[in-house]
Amino acid sequence: MRTEPPKLSALYLASRPPFPPAGGRERLILQSIEFLASEYDLHVVVFCLKDERHDLSALFRMGVRTVQTVALPGVVQVGYNMLTRRRYSLQENLFYSRRIRATIRTIVPSGVNVVIADMLRTGQYCDDFNLPKVIDLDDLLSERYGQFLANGHRQTVFGTFSRRVPSPLRALEPFVRRRLLRWEREAVADREVTAPRRFDVTLLTSSLEAARLRSTSHADQIHANPQATPLPGFLWAHGLQSHDQVDCFFLGNLRTSQNLASLSLIAESVMPLLVERGVDVRLHIVGDYDARIKAITQGVSERITWYGFVYDFSGIVARCTVALLPIVEGTGVKTKVLDAMAMGIPVLTNRLGIEGLSVKHEREVLLAETADEICRAITRLAADDVLSARLSAAARHYVE
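Under the UniProt record's numbering, think of the first position of the sequence shown as 1, with each following residue one higher.
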C-alpha cells in the first residue's frame, strides 16, 4: 500500500490579523495561508495590538496546525528601537521587540523547514534563521511613499496601521510628516533592495514591480505573486439602474491614504463638475472609514451613501452604472479593480489603476486621467448601453 510522504513544516508570519478581510492585504494573507496549509504542516504567528481580540478559528478550519498571536511593542520600546536600530525603517521598528523575537525563535527549532514573512515588518525576524526563507513584500512601499510626497502628503504616514501605532507617535506624526516620509522612503528603499540578498525568494504583487526590483537589486529570485480573484456568483446586468440619476460605485478601505486620495479626487473635483453639467450623480461607497471623510466630502455629502465594510455588496453594485475607481496613489495590482471586473460592472479607472494588468482602454475598462475626462467617461457610459455591455463581458472574461 502506497503511503504519502510526510508534509514539510512551514512558519508564516502575518503582519496583521486577516479577519475581517477589509482590504487587499488581508485577503492576500488569507490566500497565502490557505495555499500553504494545503501543502505544509503550517504554523502561523499573527501580530496584533496588545488588547486586540480576533476570532482566528477559521485558520484551523483551513488546516493550520497552530496559531499564535504576539502583541506589538509599546511606545517605550518603539522609541528605544528608533534610537538603537537606525538602519531599520520606521515600520520595522514599530514591529520589533526582543520578546517577539524570542517567541518566534522557540517555534523554528521544532522542525520548521521554511519561513514565509509577510512584508518587511515581519521579515526582520528571519535574519537569524539558517533555513529557506521567503518574503512577500506586497508592494514597493518606497515608491508609494514617493507618491505621497509628490501629492502633498496630506494623510498620515502610518496609513491603515494608525490604529496599531502608539498614540504619542500618532500625535507627533502630523508635525514631522514630510521629513518622516523622506526618511522612511529612503530607509524602506534600502531594505527593499537588500531583501533579495537576505531571502531565498522575494515576492511582489505586481509583475512590473518584481521586474523593477530585479533591476535595482541585481537578483534573480524575485517573482510576482498576484492575488487570486474569486468569481462571485453575482453578475452585473445592464438595465437595473436608475434612469433619473447616475449611480457610481466606489470600493476601498478609507483608512488608507491612497483611498482617501482617490475619494478626494472624486468628491472635490469630479462630482462638483458633474453637478455643474447637470448630471444627478450619486456615489455609493463600500469600505471602512473614519472621521477624515467628513472634510473631504463636505461639499457633496448629501449625494453620498456610506455602507462601511460589508461582505456582500452585490446588491449595491447591481444598481450602479459604473465602478468609479481612479487611483491617485498606490503601487502594485489594485484588488478593487479586479473585484469590480469580476462582478461585471463597467470599470472606470486610470493608467495607475491597471498597473500590472494586461487590460486595454475600451476593451475591458475605460481609462481617464483628469476630472474632465472622468466626467466625460461617466456620461458616456450612462448613455451607451452597447459600450457598457461590451466592457462588462470583457472584464468578466479577463478575470475568468
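Ideal Cβ placement from N, Cα and C applies to all residues, glycine included.
For ASP136, the enclosing beta strand (DSSP E) starts and ends at 133-136.
ALA261 and VAL300 have their alpha carbons spaced roughly 16 Å apart. Runs of the beta strand (DSSP E) spanning 3 or more residues and lying entirely within the segment 69-106 do not occur at all. Listed as beta-bridge partners of ILE285 by DSSP are PHE250, TRP306. One alpha carbon belongs to LYS50, the other to LEU72, and they sit about 6 Å apart.
Distance from the CA of VAL386 to the CA of LEU357, rounded to the nearest whole angstrom, comes to 24 Å. Annotated as distal: PRO326 and GLY287, with beta-carbon spacing of 8 Å or more. For GLU26, the CB contacts under 6 Å within the same chain, skipping 5 residues up- and downstream, are PRO18 in chain order. Take the alpha-carbon of LEU231 and the one of ALA323: they are about 17 Å apart.
With a beta-carbon spacing of about 7 Å, CYS248 and THR321 fall inside the 8 Å limit used to define contacts. Contact between the segment 120-136 and the segment 85-105 is present, with at least three C-beta pairs closer than 8 Å. For HIS397, the enclosing alpha helix (DSSP H) covers residues 385-399. In this chain, PHE35 is not harboured by any beta strand (DSSP E); it is covered by the alpha helix (DSSP H) spanning 24-39.
Under the criterion of beta carbons closer than 8 Å, LEU137 and LEU203 qualify as touching, at roughly 7 Å.
The beta carbon of GLN77 sits closer than 7 Å to the beta carbons of SER97 from its chain, once the five residues preceding and following it are set aside; these are given in chain order. Separation of LEU83 and LEU180 (C-alpha to C-alpha, rounded to the nearest whole angstrom) is 15 Å.
According to DSSP, residue pairing for HIS223 in a beta bridge involves LEU203.
The three-state secondary structure of CYS48, taken from DSSP, is strand. Of all C-beta pairs linking the segment 205-216 to the segment 359-374, fewer than three are shorter than 8 Å, placing the two stretches out of contact. Taking the CA atoms as reference points, ASP190 sits about 28 Å from VAL44.
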